[in-house]
Amino acid sequence: MAQSGAFSDLSVVLLGGSLAMVLLVVGVVGFMLLYQKRVIEQTMLVKQMELNYQQAVVHHTLDAVEDERKRVARDLHDEVGAALSAMRLLVGQLGNTLPPDARTHELSQKVKGVIDHTMDSVRRISNDLLPQGLDELGLAYALEGLCENAMSLTDTDIRLTVDTCANLPVRTSLIIYRLVQELLNNAVKHAGATNIELTIEHHPASLLLHYADNGNGFDFTEAYQKKSLGLKNIETRVQMLNGTVAFDTQPGLGLRVTVQIPTVANSVPVNP
Amino acid sequence: MDIVWHWVRQNAGYIVLVSALVALIRWRHLEPKLRYLGLFIGVAVLGETVSEITAHVLHINNLYLFHAYTVLEFNAIAFFYRQLFESFYPRWLVVGLMVFFTAFGLVNSLYIQPVTGYHTYALGLECLLIIGLTLMLYYQMLAEMKTDRLHTSPVFWINTGFLVYFAGSLFVFMLQNILLAQPNRELGVVAGTIHRVVLLVLHVFISIGLWLSPARSQTYR
Chain A
7 MAQSGAFSDL
17 SVVLLGGSLA
27 MVLLVVGVVG
37 FMLLYQKRVI
47 EQTMLVKQME
57 LNYQQAVVHH
67 TLDAVEDERK
77 RVARDLHDEV
87 GAALSAMRLL
97 VGQLGNTLPP
107 DARTHELSQK
117 VKGVIDHTMD
127 SVRRISNDLL
137 PQGLDELGLA
147 YALEGLCENA
157 MSLTDTDIRL
167 TVDTCANLPV
177 RTSLIIYRLV
187 QELLNNAVKH
197 AGATNIELTI
207 EHHPASLLLH
217 YADNGNGFDF
227 TEAYQKKSLG
237 LKNIETRVQM
247 LNGTVAFDTQ
257 PGLGLRVTVQ
267 IPTVANSVPV
277 NP
Chain B
3 MDIVWHWVRQ
13 NAGYIVLVSA
23 LVALIRWRHL
33 EPKLRYLGLF
43 IGVAVLGETV
53 SEITAHVLHI
63 NNLYLFHAYT
73 VLEFNAIAFF
83 YRQLFESFYP
93 RWLVVGLMVF
103 FTAFGLVNSL
113 YIQPVTGYHT
123 YALGLECLLI
133 IGLTLMLYYQ
143 MLAEMKTDRL
153 HTSPVFWINT
163 GFLVYFAGSL
173 FVFMLQNILL
183 AQPNRELGVV
193 AGTIHRVVLL
203 VLHVFISIGL
213 WLSPARSQTY
223 R
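Chains as they are written, first to last, in the working numbering: chain A, 7 to 278; chain B, 3 to 223.
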């Protein structure tokens, strides 16, 4: 009977001991896996923080640039524009006070013409710097103005279709506006496009921008490797909105750009 | 295979010389906290030497020395863990354990289990306490996350060595306890072999840990 009890104890110890050893190995391996998982989580967290920080820096830089543009545009409009208007008035008065003389009249008209031309330039530069009506009337209105302006300066035909873009944060609208401005500038100045189609669709969770022109096109790989400033600007702006951009182009075959920007849980903070 | 196990039983004790040698070679490069492990290695070398001399040269019963060795060994290991814990756990905790175990060892040897026999209570308690300390250190490592690559952390290797050794020893002591009541020579030999194997694992892991310690590092590097 005693022998049987001792044998039973021995079995329990051997079985329990073996089980404990297995558990020990499982425990150490489990600890290593858990530790590695936490290391990965921590690394991801640090990378996310770095990314957020970089995004914040870019946002602040962009805000500073926009603020400076606004200031310059207002100064141009309020001060230079007002000074030019006053100058035009004075030139008119000068023409009236001087004795009537063909030479004086001609000079007065020439000066008025130069002043008018300068005032137009100031107004154009001011409009380029500050998107007209973006804050007050929304993205669609501002884009219409941008396209009309481009069409008035060149022979380009631009077809713009914009779904309702209501409730877009100001910064998002501004970034999209600058992005379109960059595309139109490239099309008019470098690509020699005569036909441009621009569509903005507002889906429930995202905003889709389709751009297509019949310009010269370019070798995308080569342009990307040369770090083309225009391409980089477009990419940076899309990344700031956590969006994606796809370029489709070949020399002589125009350019097609598709931009997708998430509108739900958009991490871009609204300007205070 | 029997030859291998026989060789392990006869010579595994010399493994302490390997960890002692690694500690001496790497001493200048060891971070201060790891140097406290030198105390344990010193006690282990001393213990093995005295054990060899008394058992194989003088042929005398050396179990009373084993009683003292257990108290010394626990205090050396606990002191090492106290340095590693820093202020993560209350500072009095390990000191309290050292005082408690020393007192228990003395009382056990003087009044409970005779010094000429095995002090199984003290041995079992030592194993449990050190397993507890190793688990506490694992938790501390998980909470602090001071190293990115665990396999290059000296403390991870050393702590795992202690866990394997004392968990294995606990199993062996429990087995030997039963074999005292029901002697079985073969099983006794197996128990002895297991003890020597886990001793080998402990000192190999300590050697790896000490070898990995860089010249300048943080707590777990």
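Ideal placement from N, C-alpha and C gives every residue a C-beta, glycine not left out.
Remember, predicted model here, so these are calculated numbers, not experimental data.
Pull out every residue of the segment 162-185 of chain B whose Cβ sits closer than 9 Å to any Cβ of chain A, in chain order. Thr-162, Leu-165, Val-166, Ala-169, Gly-170, Leu-172, Phe-173, Val-174, Met-176, Leu-177, Asn-179, Ile-180, Leu-181, Ala-183 and Gln-184
For Ala-218 (chain A), count neighbouring C-beta atoms within 10 Å of its own C-beta (all shown protein chains included) and say buried if the count is 16 or more, exposed if not. If you number the first sequence from 1, residue 218 (chain A) lands on position 212. Its Cβ being crowded by 16 or more others within 10 Å, Ala-218 (chain A) is buried.
Does any CB atom of chain A fall closer than 8 Å to the CB of Tyr-140 (chain B)? The residue given as residue 140 (chain B) occupies position 138 in the second sequence. For Tyr-140 (chain B), the answer is yes, since a Cβ of chain A falls inside 8 Å of its Cβ.
Reference Leu-113 (chain A), options A:Gly-98, A:Thr-124 and A:His-123, closest by Cα: Within the first sequence, the letter at position 107 stands for residue 113 (chain A). With distances taken between Cα atoms, Leu-113 (chain A) lies closest to A:Gly-98.
What's the gap between the Cα of Tyr-147 (chain A) and the Cα of Gln-48 (chain A)? Numbered from 1 along the first sequence, position 141 holds the residue referred to as residue 147 (chain A). Numbered from 1 along the first sequence, position 42 holds the residue referred to as residue 48 (chain A). The alpha-carbon atoms of Tyr-147 (chain A) and Gln-48 (chain A) are separated by roughly 46 Å.
Any chain B beta carbon closer than 8 Å to Met-38 (chain A): Locating residue 38 (chain A) in the first sequence gives position 32, where the first residue counts as 1. With 8 Å as the cut-off, Met-38 (chain A) counts as an interface residue toward chain B.
Between the segment 148-160 of chain B and chain A, which residues of the former have CB atoms less than 7 Å from a CB of the latter, in chain order? Asp-150 and Leu-152
Contact list for Met-224 (chain B) against chain A, beta-carbon separation under 9 Å: Summary: the structure shown does not reach residue 224 (chain B), with chain B confined to residues 3 through 223, and so no result is reported for it.
Have a look at A:Glu-142, A:Val-117 and A:Gly-87 and flag the residue whose alpha-carbon is nearest the alpha-carbon of Gly-101 (chain A). As a first step, residue 101 (chain A) must be located in the first sequence, where it is residue number 95. Of the listed residues, the one whose Cα sits closest to Gly-101 (chain A) is A:Val-117.
Which stretch, first to last residue, makes up the alpha helix (DSSP H) that contains His-209 (chain A)? To locate residue 209 (chain A), count along the first sequence from 1; it is residue 203. It is not in any alpha helix (DSSP H) - His-209 (chain A) carries neither H nor E in the DSSP assignment.
Thinking C-alpha only, which one of B:Thr-154, B:Trp-159 and B:Leu-19 is nearest Leu-48 (chain B)? Taking the first residue of the second sequence as 1, we reach residue 48 (chain B) at position 46. Of the candidates B:Thr-154, B:Trp-159 and B:Leu-19, the one whose C-alpha sits nearest the C-alpha of Leu-48 (chain B) is B:Leu-19.
Answer with buried or exposed for Pro-257 (chain A), where buried requires no fewer than 16 other C-beta atoms within 10 angstroms of its C-beta. Position 251 of the first sequence holds residue 257 (chain A). So Pro-257 (chain A) counts as exposed.
Give a yes or no on contact between the segment 187-203 of chain A and the segment 152-165 of chain A, applying the rule of three or more CB pairs nearer than 8 Å. yes
Can you list, in chain order, the residues of its chain whose CB lies under 8 Å from that of Val-270 (chain A), leaving out five sequence neighbours each side? Your numbering for residue 270 (chain A) matches position 264 in the first sequence. Pro-210, Ala-211 and Ser-212.
For a quick check, are the C-beta atoms of Leu-39 (chain B) and Ile-208 (chain B) less than 8 Å apart? Indexing the second sequence from 1 puts residue 39 (chain B) at position 37. Indexing the second sequence from 1 puts residue 208 (chain B) at position 206. Yes, these two residues count as a Cβ contact at 8 Å.
If I follow the unbroken beta strand (DSSP E) through Phe-253 (chain A), where does it start and stop? Start at 1 with the first residue of the first sequence, and residue 253 (chain A) comes out as number 247. It spans 250-255 - the beta strand (DSSP E) in which Phe-253 (chain A) sits, taken as one unbroken run.
What distance in whole Å lies between the Cβ atoms of Leu-204 (chain B) and Gly-163 (chain B), which are believed to be in contact at a cut-off of 8 Å? Working through the second sequence from its first residue, we reach residue 163 (chain B) at position 161. Working through the second sequence from its first residue, we reach residue 204 (chain B) at position 202. Sure, about 4 Å apart at Cβ, within 8 Å.
In angstroms with no decimal places, state the Cα-to-Cα distance between Leu-144 (chain B) and Lys-195 (chain A). Looking up residue 144 (chain B) in the second sequence gives position 142. Looking up residue 195 (chain A) in the first sequence gives position 189. Cα to Cα, Leu-144 (chain B) sits roughly 59 Å from Lys-195 (chain A).
Just checking, does the segment 59-72 of chain B make contact with the segment 15-33 of chain B on the three C-beta pairs under 8 Å criterion? no
What is the rounded straight-line gap between the Cα of Met-246 (chain A) and the Cα of Leu-259 (chain A)? The residue you call residue 246 (chain A) lines up with position 240 of the first sequence. The residue you call residue 259 (chain A) lines up with position 253 of the first sequence. So the alpha carbons of these two residues sit roughly 29 Å apart.
Which first and last residues belong to the beta strand (DSSP E) in which Ile-267 (chain A) is found? Along the first sequence, read from residue 1 onward, the residue named residue 267 (chain A) stands at position 261. Start and end: 261-268.
Against Val-28 (chain A), what residues of chain B qualify as contacts under a CB-to-CB distance less than 8 Å, listed in chain order? To locate residue 28 (chain A), count along the first sequence from 1; it is residue 22. Per Cβ cutoff of 8 Å: no residues; Val-28 (chain A) is ~11 Å from chain B at best.
Quick check on the burial criterion: 16 or more other C-beta atoms within 10 angstroms. Buried or exposed for Ala-183 (chain B)? Locating residue 183 (chain B) in the second sequence gives position 181, counting from the first residue. Exposed.
Leaving out five residues before and five after Val-128 (chain A) in sequence, what residues of the same chain have Cβ atoms less than 6 Å from its Cβ? The count along the first sequence starts at 1 and reaches residue 128 (chain A) at position 122. Taken in chain order, the residues that qualify are Leu-82, Val-86 and Gly-87.
Span of the beta strand (DSSP E) holding Asp-84 (chain A)? For this step, residue 84 (chain A) is matched to residue 78 along the first sequence. Element bounds for Asp-84 (chain A): n/a, residue is neither H nor E.
So what does DSSP say about Asp-126 (chain A), is it helix, strand or coil? Here residue 126 (chain A) refers to the residue found at position 120 when the first sequence is read from its first residue. Of the three classes helix, strand and coil, the one that applies to Asp-126 (chain A) here is helix, per DSSP.
Quick check for students: name the residue ranges of the alpha helix (DSSP H) that lie wholly in the segment 103-183 of chain B, counting only runs of 4 or more. 122-146 and 156-183
How about Asp-254 (chain A) and Arg-243 (chain A): do their beta carbons lie closer than 8 Å? What you label residue 254 (chain A) is simply residue 248 of the first sequence in a count that begins at 1. What you label residue 243 (chain A) is simply residue 237 of the first sequence in a count that begins at 1. Not closer than 8 Å, so no.
Name the residue from A:Gly-144, A:Leu-104, A:Gly-151 and A:Arg-94 whose alpha carbon lies nearest to the alpha carbon of His-123 (chain A). Here residue 123 (chain A) is taken as the residue at index 117 of the first sequence, counted from 1. Ranking A:Gly-144, A:Leu-104, A:Gly-151 and A:Arg-94 by Cα distance to His-123 (chain A) puts A:Arg-94 first.
Measuring only from the beta carbon, is Lys-35 (chain B) closer than 7 Å to any heavy atom that is part of the ligand ATP? In the structure shown, the ligand ATP is absent, as is every other ligand, since no ligand is present at all.
What span of residues does the beta strand (DSSP E) with Leu-166 (chain A) cover, start to end? Numbered from 1 along the first sequence, position 160 holds the residue referred to as residue 166 (chain A). Note, Leu-166 (chain A): beta strand (DSSP E), 163-168.
Closer than 8 Å, CB to CB, is Val-32 (chain A) near chain B or not? Taking the first residue of the first sequence as position 1, residue 32 (chain A) is located at position 26. Taking Cβ atoms only, chain B never reaches closer than 8 Å to Val-32 (chain A), which makes this a no.
Taking C-beta pairs closer than 7 Å, name the residues in chain B that Gln-280 (chain A) reaches, listed in chain order. A question about residue 280 (chain A) goes unanswered here, because the residues of chain A that appear run from 7 up to 278.
Starting from the C-beta of Ser-215 (chain B), find all residues in its chain whose C-beta is less than 7 Å away, skip the five residues before and the five after it, and write them out in chain order. What you label residue 215 (chain B) is simply residue 213 of the second sequence in a count that begins at 1. If we look at Ser-215 (chain B) and ignore the five residues flanking it on each side, its Cβ neighbours are Arg-28, His-31, Leu-32, Glu-33, Leu-36 and Pro-156.
Residue of B:Ala-22, B:Leu-131, B:Ile-180 and B:Asn-179 minimising C-alpha distance to Phe-103 (chain B): Taking the first residue of the second sequence as position 1, residue 103 (chain B) is located at position 101. It is B:Leu-131 whose Cα lies nearest to the Cα of Phe-103 (chain B).
Ignoring anything shorter than 4 residues or poking outside the segment 73-120 of chain A, list the alpha helix (DSSP H) runs there in chain order. 87-103
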